[in-house]
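Residue numbers (the UniProt record's numbering): 1 to 781.
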Amino acid sequence: MGRETSGKRVLLQLRQWARIGVLLTGLCSLYPAWAEETVSTAREAAQAAPAEGYVAAATCLGCHAEEAAQWKDSDHGWAMREATGSNVLGNFKGGHFDEAGVKARFFRKGERFFVNTEGEDGKPADFEIRYTFGHYPLQQYLVSLPRGRLQALTIAWDSRAKEQGGQRWFSLYPGQRFAPNDPLHWTGRYQNWNGMCADCHSTRLLKNYNDSDDSFASTWQEQNVGCQSCHGPGKAHVNWAKTAKPGEKNYSSATDTGLTVDYKALGSQGLVEQCAFCHSRRQTLGVGQLPGHPQLDQSLPATLRTGLYHADGQIDGEVYEYGSFTQSKMYAAGVGCTDCHNPHTNKVKIEGNGLCLQCHNSQPPLARFPSLQAKDYDSQAHHHHEPGTPGAQCVNCHMPTKTYMVVDPRRDHSLRIPRPDLSSKDASPDACTSCHTDQKPQWAATAIEGWFGTPQRPPHYGENFHAVRSGQGVALSELNALLADKGKPAIVRATAAQQMADLGQQSVISLGWALKDKSALVRAYAVSGFSSVPPEQRLQPLLPLLKDPTLAVRDETLRVLADVPAQQLPAESRETFTSMLADYEKRLRGNAELPGGRLNLAVLLSRQGRNSEAMEEYHQALKLDPYFVPARVNLVTLASGAQQLDEAERLLREGLALEKMPATDHGNLAYMLALLLVEQGKLDQAPQWMETAAQALPQNTRIRYNQGLLLSRLNRRDEAIKALQQGLAQAPEDTDLLYSLIYLHALAGERSDAYEYVQRMRKVAPDDPRLQAIEPYWQKP
Numbered sequence: 001m002g003r004e005t006s007g008k009r010v011l012l013q014l015r016q017w018a019r020i021g022v023l024l025t026g027l028c029s030l031y032p033a034w035a036e037e038t039v040s041t042a043r044e045a046a047q048a049a050p051a052e053g054y055v056a057a058a059t060c061l062g063c064h065a066e067e068a069a070q071w072k073d074s075d076h077g078w079a080m081r082e083a084t085g086s087n088v089l090g091n092f093k094g095g096h097f098d099e100a101g102v103k104a105r106f107f108r109k110g111e112r113f114f115v116n117t118e119g120e121d122g123k124p125a126d127f128e129i130r131y132t133f134g135h136y137p138l139q140q141y142l143v144s145l146p147r148g149r150l151q152a153l154t155i156a157w158d159s160r161a162k163e164q165g166g167q168r169w170f171s172l173y174p175g176q177r178f179a180p181n182d183p184l185h186w187t188g189r190y191q192n193w194n195g196m197c198a199d200c201h202s203t204r205l206l207k208n209y210n211d212s213d214d215s216f217a218s219t220w221q222e223q224n225v226g227c228q229s230c231h232g233p234g235k236a237h238v239n240w241a242k243t244a245k246p247g248e249k250n251y252s253s254a255t256d257t258g259l260t261v262d263y264k265a266l267g268s269q270g271l272v273e274q275c276a277f278c279h280s281r282r283q284t285l286g287v288g289q290l291p292g293h294p295q296l297d298q299s300l301p302a303t304l305r306t307g308l309y310h311a312d313g314q315i316d317g318e319v320y321e322y323g324s325f326t327q328s329k330m331y332a333a334g335v336g337c338t339d340c341h342n343p344h345t346n347k348v349k350i351e352g353n354g355l356c357l358q359c360h361n362s363q364p365p366l367a368r369f370p371s372l373q374a375k376d377y378d379s380q381a382h383h384h385h386e387p388g389t390p391g392a393q394c395v396n397c398h399m400p401t402k403t404y405m406v407v408d409p410r411r412d413h414s415l416r417i418p419r420p421d422l423s424s425k426d427a428s429p430d431a432c433t434s435c436h437t438d439q440k441p442q443w444a445a446t447a448i449e450g451w452f453g454t455p456q457r458p459p460h461y462g463e464n465f466h467a468v469r470s471g472q473g474v475a476l477s478e479l480n481a482l483l484a485d486k487g488k489p490a491i492v493r494a495t496a497a498q499q500m501a502d503l504g505q506q507s508v509i510s511l512g513w514a515l516k517d518k519s520a521l522v523r524a525y526a527v528s529g530f531s532s533v534p535p536e537q538r539l540q541p542l543l544p545l546l547k548d549p550t551l552a553v554r555d556e557t558l559r560v561l562a563d564v565p566a567q568q569l570p571a572e573s574r575e576t577f578t579s580m581l582a583d584y585e586k587r588l589r590g591n592a593e594l595p596g597g598r599l600n601l602a603v604l605l606s607r608q609g610r611n612s613e614a615m616e617e618y619h620q621a622l623k624l625d626p627y628f629v630p631a632r633v634n635l636v637t638l639a640s641g642a643q644q645l646d647e648a649e650r651l652l653r654e655g656l657a658l659e660k661m662p663a664t665d666h667g668n669l670a671y672m673l674a675l676l677l678v679e680q681g682k683l684d685q686a687p688q689w690m691e692t693a694a695q696a697l698p699q700n701t702r703i704r705y706n707q708g709l710l711l712s713r714l715n716r717r718d719e720a721i722k723a724l725q726q727g728l729a730q731a732p733e734d735t736d737l738l739y740s741l742i743y744l745h746a747l748a749g750e751r752s753d754a755y756e757y758v759q760r761m762r763k764v765a766p767d768d769p770r771l772q773a774i775e776p777y778w779q780k781p
């Protein structure tokens, strides 16, 4: 269930999330009688099918009453419930909502709950509430639509106390209204329970998506997050409990009792991975949740990419806890989720600083963590704030919050030392000035130096990532330094591998070493760097990864090898490879309910040379979300390659005509259109789109270079020089821009102006052969 809903930013955020097919928002939908029949039929079929060793949820209660009592009112227990009088928290006694053109009326008919609001046909109608979703600090409501869809209303109930601003209906998109054909409308794809939320709000959820007719027959084993979601199928355990005599119930491990998951054997990091399937931003692998299995056999976690995390790894988008926590020293030291949280109540074990003082205290630390220095952390000498004030609370400095879904503050689990001194180096926020809002980071950094002296710390990886994001450093060098540092967290090094893969063949040598990395996450993200390498050069490094122990790595390898001709594969590998590829495609089709899933499927088909099928999948992705630019860009590329230039132009103009398109996406489409118009010989139409692109993407100086060439070709010399100079202002050492200015000035006989750029080019690229070609003109006029 996604939680990013702050203002206009959520538009871009949701669409970015959809690109990798990860969790999003809650849901609701309308429920005609025939749709109820469809869902019921699917559930009956699921009940008749083998239950994979699962038992009825109530089976656990007899022996585990204490744990069940703790779980009942937990977030897991409230994850999804029937819409009954005891479960519905919102005001359905004539409650109203009216904001920004979005209207809704909430009411009851006997024991049933309804909302009257705009449906997918644009007309107001009554829709029955089928399920509740969550309980605090807000509750959402689910409705049913045709084709087995459950949808979430984007109007939610604020379940906080009235004095805290709660007990009201509110919009998850304040001040915004979406048309019924917008995927962000409550009936749209980004509010769909089946694909966005279901697998983390129910136990053993099977999505059962049919990509041919865009329908679902989703089933669950338990409606909410129950015992078997974390402990695995319980049938063998129940059988053991029934047959074992009281004196025979001694056992050395959980598996001796028939339980699938042995948390003691998994260790702290294995335990974290069990929580990570839901508590992470990730791309599912189409196998559902598999308790007891490694994370990368179920899903591929997202890296610290732009839009999800700040450059230093602090949370930005709604990323849940896994990606943050795995950056922390706590994770590296062996701290697990249940060291702080009661797994049955989901609450912290101790309120206040006492939670951290379990380990960080003046007494000898816990035996599990002998490396901790004995020190009195809960003292003014450490935190330098008045005891009892917010600044004296460990979590406010080491786990700052960000609010999602309007009312839901979430703590950053990277448990980092506050570093306001980094703010000027990596453009990331800092915990100090999030409280002291009237001050600047430098003020906070100076205060900390006054308390503890000038810190002697090595460079932070945030500095490297910021240099790459801002174009201030040499990307390959910055990323290679992180990838090679085995002391960095795996998610940091995987992020470096992912970004290096985008650099093309120049990164292949470094990524070749990463393919053998101990971390499966690093290996998985290193594979894509070989996508553009000639097939014969790909096979040797990648073939061994088809036998990698983790599914995510094997999937990434299959995708990159999909275009390799069969005859180039070793004979003994061909049959296995073909079988694996077919299974991979089947799972991609089962995950194609979101635009990102369709994109992944289309990329595979395209790499196999099945371009007409790929184009159809891209069209389907745009049908789900016309704003989904990756699908539009790839479709335009395929159409252009097939010499369907008019179709490519239509697709680009259609995208550029969309309102509320993010500036960077609009700029990319404008640049593509400008280049396409040049290819079509429509030179006079191209400059306006080149200028649009240049303004939207000022860091992409290649646009200014091409703009200068185009304007020069159109005999608009002064405009060409201006465009090139604007590019040079962004990239003073760009030799293509410098040489183009030399050429234009020299062509006009303006030797003095040309010589200025000759001098600049000699400083940055003295061995450039283009300078040698104009050597006779080097002498100062």
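By construction, the Cβ of each residue, glycine as well, lies at the ideal position given by its N, Cα and C atoms.
Spatial distance of Pro418 from Arg281 (CA atoms): Sequence index remark: in the sequence shown, residue 418 carries index 418 (1-based). Sequence index remark: in the sequence shown, residue 281 carries index 281 (1-based). The straight-line gap from Cα to Cα measures roughly 24 Å.
Contact under 9 Å by Cβ, Gln295 with Asn353: Here residue 295 refers to the residue found at position 295 when the sequence shown is read from its first residue. Here residue 353 refers to the residue found at position 353 when the sequence shown is read from its first residue. No, they are not a contact pair.
Strand pairing of Leu138, partner residues [DSSP]: Looking up residue 138 in the sequence shown gives position 138. Partner(s): Asp158.
Simplified DSSP state of Glu386, which is helix, strand or coil: Indexing the sequence shown from 1 puts residue 386 at position 386. The answer is coil: DSSP assigns Glu386 none of H, G, I, E or B.
Cβ-based neighbour list, His745, same chain, cut-off 6 Å, excluding 5 preceding and 5 following: Counted from its first residue, the sequence shown places residue 745 at position 745. Asp753, Ala754, listed in sequence order.
Unbroken beta strand (DSSP E) run spanning Asn600, endpoints: Taking the sequence shown and counting its residues from 1, the one referred to as residue 600 is at position 600. No beta strand (DSSP E) contains Asn600, which is instead part of the alpha helix (DSSP H) from 595 to 607.
Option in Arg177, Lys162, Gln643 with minimal Cα separation from Thr117: The residue you call residue 117 lines up with position 117 of the sequence shown. Checked all of Arg177, Lys162, Gln643; the closest Cα to Thr117 is Arg177.
CA-to-CA distance, Phe113 to Leu479, given in whole angstroms: Start at 1 with the first residue of the sequence shown, and residue 479 comes out as number 479. Start at 1 with the first residue of the sequence shown, and residue 113 comes out as number 113. Between Leu479 and Phe113, the C-alpha separation is close to 54 Å.
Sufficient close CB pairs (3 or more, under 8 Å) joining the region 264 to 276 to the region 451 to 458: no
Closest by C-alpha distance to Pro301, when choosing among Gln274, Ala311, Gly292, Asp312: Start at 1 with the first residue of the sequence shown, and residue 301 comes out as number 301. Pro301 has its Cα closest to that of Gln274, out of Gln274, Ala311, Gly292, Asp312.
Through-space distance from Leu581 to Leu558, alpha-carbon basis: In the sequence shown, the residue the question calls residue 558 occupies position 558. In the sequence shown, the residue the question calls residue 581 occupies position 581. The straight-line gap from Cα to Cα measures roughly 6 Å.
Identity of the residues DSSP links to Leu145 by a beta bridge: Numbered from its first residue, the sequence shown carries residue 145 at position 145. In the DSSP output, where bridge partners are listed per residue, Leu145 has Arg149.
Tyr173 versus Gln164, His185, Glu163, Gly166, residue with shortest Cα-Cα distance: Walking along the sequence shown from the start, residue 173 turns up at place 173. Nearest of Gln164, His185, Glu163, Gly166 to Tyr173, Cα basis: His185.
Beta-carbon proximity list for Gly494, same chain, < 6 Å, skipping 5 on both sides: One-based indexing of the sequence shown puts residue 494 at position 494. Here residue 494 turns out to be Ala, not Gly, going by the sequence shown. Thr303, Leu521, Val522, Tyr525.
Distance between Leu677 and Arg653 (C-alpha atoms, nearest Å): On the sequence shown, residue 653 is found 653 positions in, with the first residue counted as 1. On the sequence shown, residue 677 is found 677 positions in, with the first residue counted as 1. Straight-line Cα distance between these residues: approximately 11 Å.
Top-ranked residue by Cα proximity to Ser507, from Val492, Met661, Ser532, Ile491: In the sequence shown, counting from the first residue as 1, residue 507 sits at position 507. Comparing Cα-Cα distances from Ser507 to each of Val492, Met661, Ser532, Ile491, the minimum goes to Ser532.
Whole-angstrom distance between Gly336 and Gly166, CA atom to CA atom: By 1-based counting over the sequence shown, the position of residue 166 is 166. By 1-based counting over the sequence shown, the position of residue 336 is 336. Their backbone Cα atoms lie some 33 Å apart in a straight line.
Helix, strand or coil at Ile350 according to DSSP, with G and I counted as helix: Counting from one through the sequence shown, the residue named residue 350 turns up at place 350. Three-state DSSP puts Ile350 in coil, outside helix and strand.
Among Lys440, Arg416, Leu415, the one whose alpha carbon lies nearest that of Ser423: Counting from one through the sequence shown, the residue named residue 423 turns up at place 423. Closest option to Ser423, Cα to Cα, is Lys440.
Rounded straight-line distance, which links the Cα of Phe530 to that of Thr84: Working through the sequence shown from its first residue, we reach residue 84 at position 84. Working through the sequence shown from its first residue, we reach residue 530 at position 530. Near 54 Å, if we compare the C-alpha coordinates of Phe530 and Thr84.
8 Å contact criterion, which Leu138 and Val407 should meet: CB distance rounded: In the sequence shown, residue 138 corresponds to position 138, counting from 1. In the sequence shown, residue 407 corresponds to position 407, counting from 1. Leu138 to Val407, Cβ: 6 Å. Contact.
Rounded separation between residue 786 and Asn668 - CA only: Only positions 1 to 781 of the chain appear in the structure, and residue 786 is not among them; the question remains open.
Of the residues Ala241, Met399, Trp689, Met405, the one placed nearest Ser414, counting alpha carbons only: Position 414 of the sequence shown, counted from the start, is the residue given in the question as residue 414. When only C-alpha atoms are compared, the closest one is Met399.
Cβ-Cβ separation, Asp736 to Tyr705 (assumed contact under 8 Å), whole Å: Within the sequence shown, numbered from 1, the residue matching residue 705 stands at position 705. Within the sequence shown, numbered from 1, the residue matching residue 736 stands at position 736. At roughly 5 Å, the Cβ-Cβ gap stays under 8 Å, so Tyr705 and Asp736 are in contact.
Per-residue DSSP class, three states only, for Lys763: The residue given as residue 763 occupies position 763 in the sequence shown. Three-state result, Lys763: helix.
Assigned secondary structure, Thr576 (DSSP; H/G/I helix, E/B strand, else coil): Start at 1 with the first residue of the sequence shown, and residue 576 comes out as number 576. If DSSP states are grouped into helix, strand and coil, Thr576 belongs with the helices.
Backbone CA spacing between Gly234 and Gln314 [nearest angstrom]: Numbered from 1 along the sequence shown, position 234 holds the residue referred to as residue 234. Numbered from 1 along the sequence shown, position 314 holds the residue referred to as residue 314. Near 38 Å, if we compare the C-alpha coordinates of Gln314 and Gly234.
Val238 versus Arg204 - alpha carbon distance: Looking up residue 238 in the sequence shown gives position 238. Looking up residue 204 in the sequence shown gives position 204. The straight-line gap from Cα to Cα measures roughly 18 Å.
Residue interval of the beta strand (DSSP E) (run including Gln283): On the sequence shown, residue 283 is found 283 positions in, with the first residue counted as 1. 282 to 284 is the span of the beta strand (DSSP E), which, as asked, contains Gln283.
Residues near Tyr739 by beta carbon distance below 6 Å, same chain, minus five either side: Looking up residue 739 in the sequence shown gives position 739. Closer than 6 Å at Cβ, skipping near neighbours: Arg770.
Nearest residue (CA-CA) to Tyr82, options Tyr131, Thr219, Phe107: Counted from its first residue, the sequence shown places residue 82 at position 82. Residue identity differs from the one stated: residue 82 is Glu in this sequence, not Tyr. Ranking Tyr131, Thr219, Phe107 by Cα distance to Glu82 puts Tyr131 first.
Residue from Ala152, Asn194, Arg610, Pro390 whose Cα sits closest to the Cα of Gly134: Start at 1 with the first residue of the sequence shown, and residue 134 comes out as number 134. Answer by Cα proximity: Ala152.
Among Gln289, Asn611, Asp126, nearest to Ala642 - alpha-carbon criterion: As a working note, residue 642 is residue 642 in the sequence shown. Among Gln289, Asn611, Asp126, the Cα nearest to that of Ala642 is on Asn611.
Minimum length 4: unbroken alpha helix (DSSP H) runs contained in the region 485 to 548: 490 to 501, 508 to 514, 520 to 527, 535 to 542
Expected contact under 8 Å - CB spacing of Leu539 and Val564 to nearest Å: By 1-based counting over the sequence shown, the position of residue 539 is 539. By 1-based counting over the sequence shown, the position of residue 564 is 564. Going by Cβ atoms, the distance from Leu539 to Val564 rounds to 7 Å, so yes, they are a contact pair.
Helix, strand or coil at Phe325 [DSSP, three-state]: Indexing the sequence shown from 1 puts residue 325 at position 325. Phe325: helix per DSSP, three-state reduction.
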